[in-house]
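Here the sequence shown stands for residues 1 to 158, where the numbers follow UniProt numbering.
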Amino acid sequence: VFGCFHIQQGIELYDLAADDSHVTKFIIKDRKYFYDYGPSVMVIVKGNLAYWDKDKRSQLQACIEDFKELHFIDRDVYTSWLDSYLSYGQEKHLNLDDKNVFLSNLPPFFDLYPYFKQDVNQTGDAIHASRFFIQTVNITKASEEIEMLKILKSTVGR
Numbered sequence: 001v002f003g004c005f006h007i008q009q010g011i012e013l014y015d016l017a018a019d020d021s022h023v024t025k026f027i028i029k030d031r032k033y034f035y036d037y038g039p040s041v042m043v044i045v046k047g048n049l050a051y052w053d054k055d056k057r058s059q060l061q062a063c064i065e066d067f068k069e070l071h072f073i074d075r076d077v078y079t080s081w082l083d084s085y086l087s088y089g090q091e092k093h094l095n096l097d098d099k100n101v102f103l104s105n106l107p108p109f110f111d112l113y114p115y116f117k118q119d120v121n122q123t124g125d126a127i128h129a130s131r132f133f134i135q136t137v138n139i140t141k142a143s144e145e146i147e148m149l150k151i152l153k154s155t156v157g158r
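Below, the structure is given as structure tokens:
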């Protein structure tokens, strides 16, 4: 393209809304004050994982650590219902390695921390899925978002 020195892939979201739109104002302020932070990414664990089994829990925590070590993830900004539940169990002197103790103490934990309730899909004596959140940083271009998604997908595949 004649006369262009820098070409960037992507489109700004505020270009899709009217100039006087509250969406445009929000996006501009969001970029101004939270520019370093990209999207928060939900990591979903599907299937009936035995969270009370120490070995399974260690494998899951190692997987989460793999995500937190990626260069575009802020390792200090993440949300883990499991980490909070394990701390809760320690404070209450619970043996969370026991299936019955683990499952029977989830309701009082969720009563105390209701924002974690939606992070666990449980019926009866099985947890069918759960989620954790990690925070991306320094993602400023669409090409970086694409690369981030590729790396996240490859991390899942490990």
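The beta carbon of each residue, even a glycine, is placed where N, CA and C say it ideally should be.
Reference residue i, options the options, closest by Cα
i           : options              : result
residue 142 : 39, 23, 18 and 24    : 39
residue 131 : 92, 137, 118 and 123 : 118
residue 106 : 85, 67 and 154       : 85
DSSP bridge partner residues for residue i (one or two, in chain order)
i           : result
residue 46  : 129
residue 121 : 129
residue 79  : 133
residue 23  : Partner(s): none; residue 23 has no beta bridge.
Buried versus exposed, by CB contacts within 10 Å (16 or more), residue i
i         : result
residue 1 : Because residue 1 sits at a pLDDT of 38, beneath the cut-off of 50, its placement in the model cannot be relied upon, and the following sentence gives the value as read from the coordinates. The residue is exposed, with fewer than 16 neighbouring Cβ atoms inside 10 Å.
Cα-Cα separation between residue i and residue j, rounded to whole angstroms
i           : j           : result
residue 137 : residue 56  : 29 Å
residue 25  : residue 33  : 12 Å
residue 121 : residue 110 : 12 Å
residue 69  : residue 77  : 12 Å
residue 42  : residue 62  : 16 Å
Could you check whether the stretch 122-136 touches the stretch 36-55, counting it as contact only if at least three pairs of C-beta atoms, one from each stretch, sit closer than 8 Å? yes
Does the stretch 138-152 come within contact of the stretch 87-106, defined as at least 3 CB pairs closer than 8 Å? no
Taking 8 Å as the threshold, find out whether the stretch 102-117 comes into contact with the stretch 80-91 through three or more Cβ pairs. yes
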